[in-house]
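Letter 56 of the sequence shown, counting from 1, is numbered 62 in this note's numbering, and no numbers are missing.
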Amino acid sequence: MRTMKRLRIGFLLPRYSHRSKSFMPVVVQALAESGAIVDVIHPMDRMVNLAEIRVEHDLYVLRHTSGLSLSLAGALHELGAAIVNPYP
7 MRTMKRLRIG FLLPRYSHRS KSFMPVVVQA LAESGAIVDV IHPMDRMVNL
57 AEIRVEHDLY VLRHTSGLSL SLAGALHELG AAIVNPYP
(Lines of atoms letter the chains of each structure in order from A and count residues from 1; the text may use other names and numbers.)
(Lines give C-alpha, C1' and ligand atoms only; values in the text may rest on other atoms or scores of the structure.)
Protein backbone atom coordinates (compact mmCIF):
# COMPACT_ATOMS: atom_id res chain seq x y z
CA MET A 1 0.00 0.00 0.00
CA ARG A 2 1.35 3.40 -1.00
CA THR A 3 1.59 6.13 1.61
CA MET A 4 0.20 9.50 0.56
CA LYS A 5 2.54 12.43 0.79
CA ARG A 6 1.37 15.20 3.10
CA LEU A 7 0.53 18.42 1.27
CA ARG A 8 3.00 21.26 1.94
CA ILE A 9 1.38 24.70 1.87
CA GLY A 10 3.25 27.99 2.20
CA PHE A 11 1.21 31.05 3.19
CA LEU A 12 2.73 34.41 2.22
CA LEU A 13 1.24 36.50 5.00
CA PRO A 14 1.84 39.67 6.98
CA ARG A 15 2.05 39.42 10.75
CA TYR A 16 -1.34 39.65 12.44
CA SER A 17 -1.98 41.14 15.87
CA HIS A 18 -4.02 39.20 18.41
CA ARG A 19 -6.82 41.75 17.87
CA SER A 20 -6.95 41.14 14.13
CA LYS A 21 -10.24 40.03 12.62
CA SER A 22 -8.51 38.16 9.78
CA PHE A 23 -9.64 34.61 9.16
CA MET A 24 -6.22 33.51 7.86
CA PRO A 25 -4.78 32.31 11.21
CA VAL A 26 -7.87 30.10 11.61
CA VAL A 27 -7.46 28.72 8.07
CA VAL A 28 -3.78 27.94 8.70
CA GLN A 29 -4.63 26.14 11.94
CA ALA A 30 -7.47 24.13 10.36
CA LEU A 31 -5.25 22.95 7.50
CA ALA A 32 -2.51 21.91 9.92
CA GLU A 33 -5.02 20.02 12.05
CA SER A 34 -6.22 18.26 8.88
CA GLY A 35 -2.74 16.89 8.22
CA ALA A 36 -1.19 19.43 5.87
CA ILE A 37 2.30 20.73 6.53
CA VAL A 38 1.72 24.46 6.77
CA ASP A 39 4.43 27.10 6.83
CA VAL A 40 3.67 30.77 7.30
CA ILE A 41 6.14 32.90 5.40
CA HIS A 42 6.48 36.53 6.49
CA PRO A 43 8.45 38.22 3.69
CA MET A 44 9.05 41.31 5.85
CA ASP A 45 10.91 39.30 8.51
CA ARG A 46 14.11 38.78 6.59
CA MET A 47 16.08 39.79 3.55
CA VAL A 48 15.28 37.57 0.59
CA ASN A 49 17.64 37.09 -2.32
CA LEU A 50 15.22 36.36 -5.16
CA ALA A 51 17.99 34.58 -7.09
CA GLU A 52 18.15 31.97 -4.32
CA ILE A 53 14.41 31.27 -4.08
CA ARG A 54 13.37 27.63 -4.57
CA VAL A 55 9.93 26.02 -4.72
CA GLU A 56 9.67 24.18 -1.40
CA HIS A 57 5.88 23.78 -1.12
CA ASP A 58 3.21 22.05 -3.20
CA LEU A 59 1.03 25.15 -3.01
CA TYR A 60 1.51 28.79 -2.05
CA VAL A 61 -1.23 31.13 -0.88
CA LEU A 62 -0.66 34.80 -1.68
CA ARG A 63 -2.78 36.86 0.71
CA HIS A 64 -1.84 40.38 -0.42
CA THR A 65 -1.01 41.31 -3.99
CA SER A 66 1.43 44.08 -3.14
CA GLY A 67 4.85 44.69 -1.64
CA LEU A 68 7.36 42.00 -0.84
CA SER A 69 4.80 39.20 -0.93
CA LEU A 70 4.08 40.02 -4.55
CA SER A 71 7.79 40.08 -5.41
CA LEU A 72 8.29 36.71 -3.76
CA ALA A 73 5.22 35.32 -5.56
CA GLY A 74 6.65 36.57 -8.86
CA ALA A 75 9.91 34.72 -8.28
CA LEU A 76 8.04 31.55 -7.28
CA HIS A 77 5.77 31.88 -10.34
CA GLU A 78 8.82 32.01 -12.62
CA LEU A 79 9.99 28.74 -11.05
CA GLY A 80 6.64 27.06 -11.75
CA ALA A 81 5.13 27.17 -8.25
CA ALA A 82 1.39 26.62 -7.85
CA ILE A 83 -0.01 29.82 -6.30
CA VAL A 84 -3.56 30.55 -5.10
CA ASN A 85 -4.37 34.13 -6.14
CA PRO A 86 -1.84 33.55 -8.90
CA TYR A 87 0.84 35.93 -9.95
CA PRO A 88 0.36 38.01 -12.08
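We put the CB at the ideal spot given by N, CA and C, even for glycine. Note that this is a predicted model, so its numbers are computed, not measured.
CB-CB length for residue 4 against residue 78, believed under 8 Å: The question about residue 4 has no answer, for the chain in this structure spans 7 to 94.
Burial state of residue 17 (16 or more Cβ within 10 Å): Classified as buried, residue 17 has 16 or more neighbouring CB atoms from the shown chains inside 10 Å of its CB.
Could you check which residue in 37, 91 and 64 has the C-alpha nearest to that of residue 75? 91
Coil, strand or helix - residue 45 by DSSP: strand
Helix, strand or coil for residue 76? Go by DSSP, reduced to three states. Look at residue 76 here: in three-state DSSP terms it is helix.
Note down, in chain order, each residue of its chain lying with its Cβ closer than 6 Å to the Cβ of residue 59, except the 5 sequence neighbours on either side. Within the same chain, 81 come within 6 Å of residue 59 by CB-CB distance, once the 5 residues on both sides are set aside.
Quickly, what does DSSP pair residue 15 with across the bridge? List them, please. 44 and 65
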